[in-house]
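Comments concern the structure below.
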Amino acid sequence: MGATTLITVAPTGAESAKADVPALPVTLDELVQTAKECEAAGAAVIHVHIRDDDARPTLDLARLRDTVQALRESTGLIVQLSTGGAVTDPYEDRLRVLDAEPDGCSLTCGTVNFGDDVFMNPWPFMAELYQRTQAQGVVPEFELFDLGHVAALHRLLDKYGPPSGGHVHCDLVMGVPGGMPGDARTLVAAVQALPEGATWSATGVGRTSLPVMFAALSAGGHLRVGMEDTLTFAKGRPVTANVELVQRAAELAGLAQRPPMSAADARVLLGVGK
Ligand code: KMH
Ligand code: ZN
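full-length UniProt numbering numbers the first residue of the sequence shown as 1 and each following residue consecutively.
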């Protein structure tokens with residue numbers, strides 16, 4: 001079989017309000033429906049943020065458990081819970097996310113300015129979260145918002161050893177105001193600095209979505225797309241559903257001769273269930 005592209009969908013995030021973005025999936029039913037559509041369109045992983053009954057971001061454990069279970073029952077997607085949450089979420093709540101027993105979780109490798117806010121990931125928190133992923137058998141995806149985060153990832157691996165699943169997979173989150181820019185030369189610089197043998201995806205926030213997608217495909221990387229990162233499909237044309245972004249990513253991956261990877265193959269690559 002030829003090379004394939006792992007597509008992750010990040011459908012909701014913690015930053016956009018349902019009132020401003022009616023197409024954002026915020027209820028469990030909306031999330032499950034979105035997940036099914038995106039799986040059919042070529043996604044293999046779903047990066048999950050959930051909302052409460054008022055559509056506000058929450059890390060409520062019971063709700064997270066229900067979400068993991070519902071996504072498992074309805075799809076074959078790898079369920080990756082966000083441990084980033086919203087910028088206001090306390091560290092303890094973010095650590096407790098692992099108790100919902102997802103397949104995987106995000107693990108951001110350092111603090112970063114985040115628009116007008118600060119997304120806090122100091123070393124002691126990162127180190128604690130990483131050791132808990134190892135103890136609880138949750139496969140981490142290392143979120144890299146800045147080049148310095150790559151150095152912190154090396155430090156984490158040197159100090160605590162390999163991740164659960166045995167494989168290092170990273171996601172370059174580019175174009176956040178305050179993080180690394182979403183352009184090809186920065187992407188190449190980050191990729192060159194990754195640990196030997198690591199795989200990676202990239203996502204470009206906002207208007208950097210397409211340039212980062214083209215750069216990632218050119219450089220042999222995988223893709224993350226979704227309304228967490230991008231609300232505009234093209235200039236003046238809002239995204240109407242997450243599946244549009246997955247379909248476009250799948251088409252571009254096909255054109256690049258690396259069609260979407262199945263969820264089963266993604267499990268093998270990432271070491272999920274190992
Ligand atoms: N919502 C951002 C503050 C993650 O999911 O791990 C953090 C974020 C990263 O989305
Ligand atoms: Zn996220």
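Quick reminder that beta carbons are idealized off the backbone N, C-alpha and C, glycines included.
Only a predicted model underlies this, so the values are computations on that prediction, with no experimental measurement involved.
- The straight-line gap separating the alpha-carbon atoms of residue 240 and residue 158 is approximately 43 Å.
- Under DSSP, residue 218 shares a beta bridge with no residue.
- Assigned with DSSP and collapsed to three states, residue 176 falls in coil, not helix or strand.
- For residue 202, the enclosing beta strand (DSSP E) stretches over residues 199-204.
- A straight-line Cα-Cα distance of about 8 Å links residue 148 and residue 110.
- In terms of side-chain proximity, the C-beta atom of residue 82 is found nearer than 6 Å to a non-hydrogen atom of ligand 2.
- In the DSSP assignment, residue 29 falls within the unbroken alpha helix (DSSP H) covering 28-41.
- Pairing residue 5 with residue 261 gives a Cβ-Cβ distance under 7 Å.
- The C-beta of residue 85 has 16 or more other C-beta atoms within 10 Å across all chains shown, which makes the residue buried.
- DSSP, read as helix, strand or coil, puts residue 92 in helix.
- Per DSSP, residue 121 lies in no beta strand (DSSP E) and is assigned neither H nor E.
- Pairing residue 19 with residue 49 gives a Cβ-Cβ distance that is not under 7 Å.
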